[in-house]
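In this note's numbering, the protein residues as written are 7 to 407.
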């Protein structure tokens, strides 16, 4: 029955130490001595307490830096979510008699937690990692909403805007959970470009996340522009139509993905993979979840002075054939639309992706005789629309909408 599992939790949650030791209901109006007005999570902490998701401690503190455990986050989910029971519960032998037993069973019953992920026991007191948190949240959404389930499928091969993706640390089986939480803004990456897969989360951070979860649960997957973009890159191999005034002819980037273009000069060939556009027409309000990955402040002067220009970042694999192959062979390959340039910024190094070298290119390609996968940038305007014909006859043409 709807909300049935959550109601079972009431007694346990009131006495549990998940949200802190007992405080009167009016604690939401009190001030925690370790949460000053200048604390970054001040608003979310007091809001989460007001809603009854969190409590403070009897010593007048909130302990915002304390880590959240698996048991604690399960109980928070049980308080916020309002789903039917969709799968079996009571699968964790080490939860018998634990204060959060009912909470964990409720979260598992709603599809947030999978017992198969914990074959050696749930270990309720263990700090929850961000990877686990992403998996729980996205699994619950997908288990209860057909559109989120489809989003899970659509994002298996998407590009994730975090450095762990480019470093090969996120497999296709893990990608959807990261995509869904980032696409809905349930969770965000860090300023260093990482998602922080193995990092834990604090009570302060989780106070913000549970409020976002409350919001996400009331909306459809299609209402999130960032998630729509991540899905498009996964299925259509591009977000071009979503963030620019351009579209395609009869065939799209998806049709060209995985296809070969043989250089007209005979020096080599390339295989196209995907293309990601960023709309920088309003520099302070760039359109694309990928803007931080590809567009740097170093590019501001060029992109703001060139009105109507749209950078499109393409992933290709170049296969050198000539013994002295260099970047000039690629530049003069006749690849047209797929002829990109070096991404000049600190971002390739920050996120860990390769771009065309800007010097000693012959030496670089001599070390990659069997091919190298790169990201390059192609600038497109309404007046300079271009095309390319792949080896198999796929004709890719970008046109104005």
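By construction, the Cβ of each residue, glycine as well, lies at the ideal position given by its N, Cα and C atoms.
Quick caveat, the model's predicted, so the values are computed rather than measured.
- Euclidean distance between Cα positions of residue 297 and residue 387: Along the chain shown, one-based indexing puts residue 297 at 291. Along the chain shown, one-based indexing puts residue 387 at 381. Those two C-alpha atoms are separated by around 18 Å.
- Message: What ranges does the alpha helix (DSSP H) occupy inside the region 281-326, keeping only unbroken runs of at least 4 residues that lie completely in it?
- Response: 297-300 and 306-311
- Go ahead and pull the three-state DSSP assignment for residue 403. Position 397 of the chain shown, counted from the first residue, corresponds to residue 403. If DSSP states are grouped into helix, strand and coil, residue 403 belongs with the strands.
- Task: Look up residue 393 in the DSSP assignment and give the residues it is bridged to.
- Result: Against the chain shown, residue 393 aligns to sequence position 387. DSSP lists 403 as partners of residue 393.
- Query: Buried or exposed: residue 279, going by 16 or more other Cβ atoms within 10 Å of its Cβ?
  - Reply: The residue given as residue 279 occupies position 273 in the chain shown. Looking at its Cβ environment, which holds 16 or more other Cβ atoms inside 10 Å, residue 279 is buried.
- Helix, strand or coil for residue 134, going by three-state DSSP, please let me know. Start at 1 with the first residue of the chain shown, and residue 134 comes out as number 128. If DSSP states are grouped into helix, strand and coil, residue 134 belongs with coil.
- Quick one: what does DSSP say residue 339 is sitting in, helix, strand or coil? Here residue 339 is taken as the residue at index 333 of the chain shown, counted from 1. In this structure, residue 339 counts as coil in the three-state DSSP scheme.
- Query: Applying the criterion that 16 or more other CB atoms from any shown protein chain within 10 Å of the CB defines a buried residue, is residue 27 buried or exposed?
  - Reply: Within the chain shown, residue 27 is the residue found at index 21, counting from 1. Legend: pLDDT at residue 27 = 45, less than 50; position of this residue unreliable, no value from coordinates given.
- Message: Between which residues of its own chain and residue 195 is the CB-CB distance below 6 Å, once the five residues before and five after are set aside?
- Response: Numbered from its first residue, the chain shown carries residue 195 at position 189. These residues qualify, in order along the chain: 168 and 201.
- Work out the CA separation of residue 236 and residue 253 for me, nearest whole Å. The residue you call residue 253 lines up with position 247 of the chain shown. The residue you call residue 236 lines up with position 230 of the chain shown. In a straight line, the C-alpha of residue 253 is about 18 Å away from that of residue 236.
- Drop a sphere of 10 angstroms on the beta-carbon of residue 381, count the other beta-carbons inside from all chains shown, and report buried for 16 or more, exposed for fewer. Against the chain shown, residue 381 aligns to sequence position 375. The residue is buried, with at least 16 neighbouring Cβ atoms inside 10 Å.
- Query: How long is the line joining the alpha carbons of residue 91 and residue 314, rounded to whole angstroms?
  - Reply: On the chain shown, residue 91 is found 85 positions in, with the first residue counted as 1. On the chain shown, residue 314 is found 308 positions in, with the first residue counted as 1. Answer to the nearest angstrom: the Cα atoms are 51 Å apart.
- Determine the DSSP secondary structure at residue 383, reduced to helix, strand or coil. Here residue 383 corresponds to residue number 377 of the chain shown, with the count starting at 1. If DSSP states are grouped into helix, strand and coil, residue 383 belongs with the strands.
- Query: According to the Cβ coordinates, are residue 240 and residue 175 closer than 8 Å?
  - Reply: Numbered from 1 along the chain shown, position 234 holds the residue referred to as residue 240. Numbered from 1 along the chain shown, position 169 holds the residue referred to as residue 175. Cβ distance not < 8 Å, so residue 240 and residue 175 don't count as in contact.
- Where do the ends of the alpha helix (DSSP H) carrying residue 254 lie? As a position in the chain shown, residue 254 is number 248, starting the count at 1. Not the alpha helix (DSSP H): residue 254 falls in the beta strand (DSSP E), residues 252-254.
- Query: Per the contact definition of three or more C-beta pairs closer than 8 Å, is the region 315-329 in contact with the region 273-289?
  - Reply: yes
- Message: I'd like to confirm something about residue 336: is its beta-carbon nearer than 7 Å to some heavy atom of the ligand MN, or not?
- Response: As presented, the structure is devoid of all ligands, the ligand MN included, so that no description of it is given.
- Based on the DSSP output, what are the partners of residue 274 in its beta bridges? Residue 274 sits at position 268 when you count from the first residue of the chain shown. Answer is 326.
- Please confirm whether residue 269 and residue 213 have their CB atoms less than 8 Å apart. Counted from its first residue, the chain shown places residue 269 at position 263. Counted from its first residue, the chain shown places residue 213 at position 207. Going by C-beta atoms, residue 269 is not nearer than 8 Å to residue 213.
- DSSP three-state call for residue 183: helix, strand or coil? Numbered from 1 along the chain shown, position 177 holds the residue referred to as residue 183. DSSP places residue 183 in helix when its eight states are reduced to three.
- Query: When you compare each of 45, 368 and 223 to residue 88 by their alpha carbons, which one comes out closest?
  - Reply: Sequence index remark: in the chain shown, residue 88 carries index 82 (1-based). Cα-wise, what sits closest to residue 88 is 223.
- Message: Which same chain residues end up closer than 6 Å to residue 232 when comparing Cβ atoms and leaving out the 5 residues on each side of it in sequence?
- Response: For the purposes of this step, residue 232 is taken as the residue at position 226 of the chain shown. Excluding positions up to five away in sequence, the list reads 189 and 295.
- Exposed or buried, what is residue 391 when buried is set at 16 or more other beta-carbons lying within 10 Å of its beta-carbon? Here residue 391 corresponds to residue number 385 of the chain shown, with the count starting at 1. So residue 391 ends up on the exposed side.
- Counting only the same chain and skipping the five closest in sequence on each side, list residues whose C-beta sits under 7 Å from that of residue 121. Along the chain shown, one-based indexing puts residue 121 at 115. Excluding residues within five positions, the ones whose Cβ falls inside 7 Å are 97, 98 and 114.
- Per DSSP, the bridge partner or partners of residue 378: As a first step, residue 378 must be located in the chain shown, where it is residue number 372. Residue 378 is bridged to 324.
- Work out the CA separation of residue 238 and residue 255 for me, nearest whole Å. Here the question's residue 255 lines up with position 249 in the chain shown. Here the question's residue 238 lines up with position 232 in the chain shown. The alpha-carbon atoms of residue 255 and residue 238 are separated by roughly 17 Å.
- Query: Going by Cα to Cα distance, which pick from 290, 301, 329 and 244 is closest to residue 272?
  - Reply: By 1-based counting over the chain shown, the position of residue 272 is 266. Out of 290, 301, 329 and 244, 329 has the C-alpha closest to the C-alpha of residue 272.
- DSSP state of residue 32, grouped into three classes? Position 26 of the chain shown, counted from the start, is the residue given in the question as residue 32. At residue 32, the pLDDT of 39 sits below 50, so the modelled position is not reliable and the matter cannot be decided from this model.
- Message: Count Cβ pairs between the region 351-371 and the region 397-406 that sit closer than 8 Å; are there 3 or more?
- Response: no
- Query: Roughly how many angstroms lie between the CA atoms of residue 215 and residue 191, to the nearest whole one?
  - Reply: To locate residue 215, count along the chain shown from 1; it is residue 209. To locate residue 191, count along the chain shown from 1; it is residue 185. Rounded to the nearest angstrom, the two C-alpha atoms are 9 Å apart.
- Query: Helix, strand or coil: which one does DSSP assign to residue 371?
  - Reply: Residue 371 sits at position 365 when you count from the first residue of the chain shown. In the structure shown, residue 371 sits in a helix (DSSP, three-state: H, G or I).
- Message: By the three-class DSSP mapping on this structure, what secondary structure does residue 241 have?
- Response: If you number the chain shown from 1, residue 241 lands on position 235. Helix at residue 241.
- Query: Relative to the C-alpha of residue 299, which residue among 283, 290, 287 and 307 is closest?
  - Reply: Mapped onto the chain shown, residue 299 falls at position 293. Selected option, being the one with the closest Cα: 283.
- Task: Taking only the alpha-carbon atoms, compute the straight-line gap between residue 357 and residue 347 and give it to the nearest angstrom.
- Result: Counted from its first residue, the chain shown places residue 357 at position 351. Counted from its first residue, the chain shown places residue 347 at position 341. About 18 Å.
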